[in-house]
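Enquirer: Counting in the working numbering, the sequence shown runs from 198 upward without gaps. Got a structure for you, written out below as structure tokens; questions coming shortly.
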Amino acid sequence: MGSYISQDNATEGLIITEVNGAWKSATAAVLPGNASAYPSALLSEVTCVSTNNCTAVGTYTDVTVASKE
């Protein structure tokens, strides 16, 4: 969970999954359709109510250049 800089020099959200103690390949967070081309996305918190039942939250910039949670 966090962010990375893409080839377009945009900050994108990053998700990394752990299964049975082993880390899987990282994937880009899917953003809403109103996200800016340079979304400054960041996943900042995660909570798990049980094993395999977690939610991550963060922020991104939309096309109006407003920060969204």
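Ideal placement from N, C-alpha and C gives every residue a C-beta, glycine not left out. Keep in mind it's a predicted model, so treat the numbers as computed, not measured.
1. What do you get for Pro236, buried or exposed, if any count of 16 or more other CB atoms within 10 angstroms of its CB means buried?
2. Check each candidate in Gly199, Asn231 and Lys221 and name the one with the smallest Cα separation from Val262.
3. Assuming Ile213 is part of the beta strand (DSSP E), what are its boundary residues?
4. Beta strand (DSSP E) containing Ala253: first to last residue?
5. For Gly210, is the classification buried or exposed, using 16 other Cβ atoms within 10 angstroms of its Cβ as the cut-off for buried?
Expert: From the atom records:
1. Buried: at least 16 other Cβ atoms inside 10 Å.
2. When each option's Cα is compared against that of Val262, the closest is Asn231.
3. Annotation for Ile213: no beta strand (DSSP E) segment contains it, and DSSP assigns it neither H nor E.
4. Unbroken beta strand (DSSP E) run through Ala253: Asn250 to Thr258.
5. That one is buried.
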